[in-house]
Amino acid sequence: MFKITAFSKLGLTLFISAIIMESLLQRANAQFASQAIVFDPPSNVRATPNGTVICSVTSQQNINIYGSTNQWYKTDACGKIGYIHQSQIQLTSNSGVKQQIKQAVLSSLNAETTNLSYGVQFREITVVDNYAIASWLRGEGGGSAIAIKQDNSWHVTATFGDDWGGIQRFVDNGIPYPIAEKLLNQAYPGWRQWEP
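Counting along the sequence shown from 1, when you hit position 112 you're at 113 in our numbering, and nothing is skipped either side.
What follows is the structure, encoded as structure tokens:
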């Protein structure tokens, strides 16, 4: 039980059960939640960081995230608060970040050829940490770009057509191999079949 003293002049004391308090906190935190995707299920959710398992997420799905402690993210994926390890999830980027990446890609395309960005429609933008893949269509053609966040802004390190250059293309353009794998797993789930 939690004891909350309200209206101290009247001496009124309220007792709120832990269950009700947790529910209230979850609702209050919901407006501040970010999202993540569980990309390699099954993934255990624990009562405390590295504690006992309270449930398993058995499919790829989006979950709410309410902050982190070391390498553990607080979530309500089980219907109550628990913790999931960072190796099991990828934080979902927000629209503001995606807009910044779009602007960086459009600027890069215009730098290559005047008005090359005219008519570009973005298909997908995938973000992992400070690395991103953006794909777009323009008329019957299209392409992709690799973007890296440095000094608080996004910079395009490479643009290319729809040809498959393999994971090595991403590594050669500044993305660490483990991050490149995560990006490709999200953007192109069957990418390994195209590898030489």
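Here a beta-carbon is modelled for each residue, glycine too, at the ideal position from N, C-alpha and C. Predicted model, so just to flag it, every value in this text is computed and none were measured.
query: Out of curiosity, what's the CA-to-CA distance linking Arg170 and Gln151?
result: 19 Å
Burial state of Ala78 (16 or more Cβ within 10 Å): Under this definition Ala78 is a buried residue.
field: Contact belief for Leu107 with Thr160 at Cβ below 8 Å, rounded distance in angstroms
entry: So it is not a contact: roughly 11 Å between Cβ atoms.
- request: Measuring alpha carbon to alpha carbon, tell me which of Gly97, Tyr189 and Asn63 ends up nearest Ser145.
  value: Tyr189
field: Asn111 in three-state terms, based on DSSP
entry: helix
Three-pair Cβ contact test at 8 Å for the stretch 34-48 versus the stretch 85-93: yes
Backbone CA spacing between Lys75 and Gly140 [nearest angstrom]: 43 Å
query: Residue ranges of each alpha helix (DSSP H) run of no fewer than 4 residues wholly in the stretch 120-181, ordered along the chain?
result: 167-173
message: Taking only three categories from DSSP, how would you classify Gly97?
response: helix
task: Select from Pro177, Pro179 and Ile168 the residue whose C-alpha is nearest the C-alpha of Trp192.
output: Ile168
- prompt: For the candidate residues Cys56, Val54, Trp155 and Gly83, whose alpha-carbon lies nearest to that of Gly215?
  reply: Since the first residue of the chain shown is 2 and the last is 197, residue 215 is not available in this structure.
field: Cross-strand partners of Leu92 (DSSP beta bridge)
entry: Looking at the DSSP output, Leu92 bridges to Ala37.
- request: For Val58, count neighbouring Cβ atoms within 10 angstroms of its own Cβ and tell me buried if that reaches 16, exposed if not.
  value: With 16 or more neighbouring CB atoms inside 10 Å of its own CB, Val58 falls in the buried class.
- prompt: Is Ala136 near Gly143, with beta carbons less than 8 Å apart?
  reply: It is worth fixing the name first, because residue 136 is Ser in this sequence and not Ala. Cβ distance < 8 Å, so Ser136 and Gly143 count as in contact.
- prompt: Given Thr49, which residues of its chain have a CB within under 8 Å of its CB, disregarding the five upstream and five downstream residues?
  reply: Tyr84
Boundaries of the beta strand (DSSP E) in which Asn82 is found, first to last residue: Before going further, note that residue 82 is Ile rather than Asn in the sequence given. That residue, Ile82, is in no beta strand (DSSP E); it is neither H nor E in DSSP.
field: Bridge partners - Ser69, DSSP secondary structure assignment
entry: Tyr74
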